[in-house]
Amino acid sequence: MKKTILTLSVALLAMEMVLAADIHVKSFKYAGPFALQRPLMVDSVNLSDKKFTPESLLDTPINLDLAASGTPFSDTVAPGGKNRYDLNLLGFTLSNTEYAKASIIIRKLKHFELYVDGVKSAGTDLTLLPRTHNIVIKYLAQKGQRDSIDVTVSSDHSALMTVNNTQRMFSLDCVSEGKYVRGVALSHSGRYLKTLYSTVLKGGKIQWKTRISEVKTGRTIAETYDYVYWMPKTDAYYYTRQGNKGQQLVTVDVPSCRETVIAEHLPKGDFTVSPTADYLVIQKNNEGPKADKEVYQILSPEDRQPGWRDRTSLERFDLRTGLVQPLTFGYHNVGFQDISNDGRYILFMTSRERYTQRPTTLRTIYRLDLNTMRADTLVKDDGFINEAKFSPDSRQILVMGSPESFGGIGKNLPQGRIPNAYDHQLYILTIADRQVKPITKFFKPSVNQVLWSKNDGKIYFTADDRDFVHLFRADAKTGRIDKITQPEDIVTHLSAADGAPMLALNTEGASNADRVYTVNTANKRVTLVEDMNRAILKDVDMGECKAWDFVNSRGDTICGRYYLPPHFDANKKYPLVVNYYGGCSPTSRFFETRYPHHAYAALGYIVYVLQPSGAVGFGQEFSSRHVNTAGDGVADDIIEGTKRFIADHPYVDGRKIGCIGASYGGFMTQYLQTKTDIFAAAISHAGISDHTSYWGEGYWGYSYSEISMAGSYPWTRKDLYVDHSPLFNADKIHTPLLFLHGTADTNVPVGESIQMFTALKLLGRPTAFVAIEGENHWVMNYDKRIKWQNTIFAWFAKWLKNDPTWWNAMYNEKPL
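When the letters of the sequence shown are read in order and numbered with mature numbering (1 follows the signal peptide of the UniProt record, and there is no 0), they come out as residues -20 to -1, 1 to 796.
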């Protein structure tokens, strides 16, 4: 390239923003020189009939990342050539907190190329999304050549830009790319740890890897791309692979890494190795009768779901002989639950439907004696249980279910109040006399993962505890529950060593990514094993996350937290984004979330997240408020909390408040706009606009309504299904409202957004609708997720910052 000036033209930001002077880049990171040789002239011209010129060496590939780790350079004369031809790199960073376009002018340098975020610039219309950009100038120098360097970043609003910050902005790639822990598991002795990682590359490709390490030293024993699992009662792991005789089961001894094939011809299906390591229990999928592809009968509401007609059954696979023994037979689904420690019994659950009364799905738990093939019914037709597992001595089972399980013996509510079925409780059933003891009846957190330790006989579990997920231990005999203190907000995975007093935890927090810990259950000592956060958030500039609760007008303490922008200045005024769910679960302090709160804060918003009435984790009475309220109470908490937050935080601009929610939270976004005008912009992702259409059309519409509208139906409670539906109150909405929806959403059908968008268009209200083709309830596709998130940012920028530039660039008005 022989041009002496390269201009990257860029669009203006909002007209009301203050103009600022150009930014002259005075310091760089330098890497080089990298000596190049003139190639051997086999011919005088190349395939394009062009002769060799020294300038063509500029196209030589090189690792541009070398610039970021180069040496500081601040001279006005670029490092010259020491060899006949030298390739050199000059790098700097450019951060912009708003959507922008800018001009980068490079003067006095002769032969160079410009790269922005690793992509060679064509020289025109470079769009800069809000983030920290890596700028690299690759230039060619010849021996004795000394070119001057003059680089200017020019924008009408360059006050929004900074050069060469020591830290980079938090952006979407902090939660969408990088290496994350997806599971941890301890070997029998607790000496070794299995860690499953996923690495998301730029572009969305995912690489999976498993690491086996020594807990005491952290030393890596083995790494593999196979999915591996620990064998019972030994420190060996197993995996499956395709062999000449079909699927093989292979064990690997740790630490010798010696492999042994212990079975051939494995049947298809998920399986569990028995504690005695002599057989497998296989969960087999049996294909059901196929329907006509063009004209077909729908047998039940669930028959619309792919695979609903298939059924699961259980088989026993003998590892010594290869004999496959069917354990169950029939047309009802059979779900495997557990195997007793001596290998004699298995625990399984069947389910059947009854549509005429709540609950519509009934479950039965059986204990099967593998020696006699006799099955004992432990729990019969209880529609409120979810899972079960054996105690270490196999004399009891631990059952997870709602407060209504076992006839409601776990309920802790005023008379006549219906509990929230997502408020998970624990029960111990003694097999000999079928007596059931509720152990979390007066325990406010809602149970998530649970295990019954074979080492000490204690029950360890995680639970939603307000907006945290904490670790607890329960004594099965006394019912006492203690919290095990560990340093993080959220425990995402839990594992126990069967032969040692040891737990392994995968954790994260509101302001940090994955960390792995071990917990000595004898003395409760917590040890950090691995910190993924160091790499994921290296040099990332983040604001603070602070707790903020308030007591509402009903006397309830409503839990919340808020995120501040980096370099927060209490003397400024900031727009506010309010985020909530409002359904049955809290908006917990997960770092890796579809709504990365720090990414909003990095763009100059304060983000307020609150847990309104109805969320689990606050006790049964609080969570029961989700039932048969259809947004009442929840909306009041959000509106009152927002007003109180503004009043208590003078740096919030009360005229620029946005709100956002998804699924039930998307319904809440719509419903809120029918009750208040405090919001300047609103976003509903996959939101319910009409409870009656959602009830009948969504795959789980009527079954979810069994929880949220328990005992109520569209023909019995018009006040809930119609009067509380935003569609029937659309004329009350004046807030600019954006609808986002995946076209393949099977939970909340896309029609819920279509009909509400149509209503607002007919009413002449400010609205927009962006569909995400092929995506379901969550936007999972990497590229679509980025555009979806940028759509959200652009909508808020338009209405909360008076800057429609980004929105207009993505969705410019068309003369139609």
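For every residue, glycine included, the Cβ atom is placed at its ideal position computed from N, Cα and C.
Bear in mind that the values here come from a model prediction, so they are computed numbers and not experimental data.
For glutamate 367, the pairing in a beta bridge is given by DSSP as Met380.
For threonine 420, the closest alpha carbon among the candidates Lys88, His578, Arg460 is that of Arg460. As far as DSSP is concerned, tyrosine 684 takes part in no beta bridge. In the DSSP secondary-structure assignment, tyrosine 177 is bridged to Val161, Lys189. By the Cβ criterion, the stretch 516 to 531 is in contact with the stretch 141 to 152, since at least three pairs of Cβ atoms, one from each stretch, lie closer than 8 Å. Of the residues Glu572, Lys741, Leu358, Cys525, the one whose Cα lies closest to the Cα of asparagine 486 is Glu572. In the three-state scheme derived from DSSP, where H, G and I count as helix and E and B as strand, methionine 141 is classed as strand. Under the criterion of beta carbons closer than 8 Å, lysine 434 and asparagine 321 qualify as touching, at roughly 6 Å. The bridge partners DSSP lists for histidine 4 are Thr132.
Relative to glutamine 337, the option among Tyr693, Lys182, Tyr177, Pro729 whose CA is nearest is Tyr693.
Taking a cut-off of 8 Å for Cβ pairs, the stretch 62 to 72 and the stretch 108 to 125 touch, as three or more such pairs fall below it. Taking C-beta separations shorter than 6 Å and ignoring five residues to either side along the sequence, the partners of lysine 264 in its chain run Gly249, Ser293, Glu295, following chain order. Cβ contact annotation for glycine 363 (same chain, cutoff 6 Å, sequence separation greater than five): Pro339, Thr341, Leu342, in chain order.
DSSP places leucine 740 within a helical segment (H, G or I) once states are collapsed to three. When C-beta atoms of the stretch 717 to 726 are compared with those of the stretch 662 to 670, three or more pairs fall below 8 Å, so the two segments count as touching. Here threonine 252 has Leu260, Val261, Phe316, Ile319 as same chain residues with Cβ atoms under 7 Å from its own Cβ, once five neighbours each way along the sequence are excluded. Our two residues, aspartate 699 and arginine 414, have alpha carbons roughly 42 Å apart in a direct line. Here glycine 459 carries a coil assignment [DSSP, helix/strand/coil]. Distance from the CA of proline 795 to the CA of tryptophan 786, rounded to the nearest whole angstrom, comes to 19 Å. Partner residues in the beta bridge of threonine 107, as assigned by DSSP, are Lys81.
Under DSSP, arginine 296 forms a beta bridge with Val261, Gln305. Measuring C-alpha to C-alpha distances from tyrosine 543 to each of Lys553, Glu524, Arg397 identifies Glu524 as the nearest. Residue pairing by DSSP puts valine 99 in a beta bridge opposite Val96. Short of 7 Å from the beta carbon of threonine 498, and not among the five residues preceding or following it, lie these beta carbons of its own chain, in chain order: Val195, Met482, Leu483, Ala484, Thr507, Val509. Per the DSSP secondary-structure output, alanine 751 pairs in a beta bridge with His721. In the DSSP assignment, cysteine 154 falls outside any beta strand (DSSP E) and lies within the alpha helix (DSSP H) extending over 153 to 156. Distance from the CA of valine 161 to the CA of valine 208, rounded to the nearest whole angstrom, comes to 15 Å. Contact between the stretch 34 to 53 and the stretch 739 to 748 is absent, with fewer than three C-beta pairs closer than 8 Å.
Within the stretch 645 to 684, complete beta strand (DSSP E) segments of at least 3 residues are found at 661 to 665, given in chain order. In the DSSP assignment, leucine 780 falls within the alpha helix (DSSP H) that extends over 762 to 780. Where leucine 20 is concerned, there is no enclosing alpha helix (DSSP H), because DSSP gives it neither an H nor an E.
Here the stretch 473 to 481 lies against the stretch 434 to 444, with 3 or more beta-carbon pairs under 8 Å apart. Only residues of its own chain outside the window of five on either side were considered, and among them Tyr684, Thr726, Asn727, Val728, Pro729 have a CB closer than 8 Å to the CB of glycine 678, listed in chain order.
Beta-bridge annotation (DSSP): serine 75 is paired with Thr112, Thr142. Annotation for aspartate 703: no beta strand (DSSP E) segment contains it, and DSSP assigns it neither H nor E.
Proximity of the stretch 298 to 309 to the stretch 279 to 287 falls short of the contact definition, fewer than three beta-carbon pairs being nearer than 8 Å.
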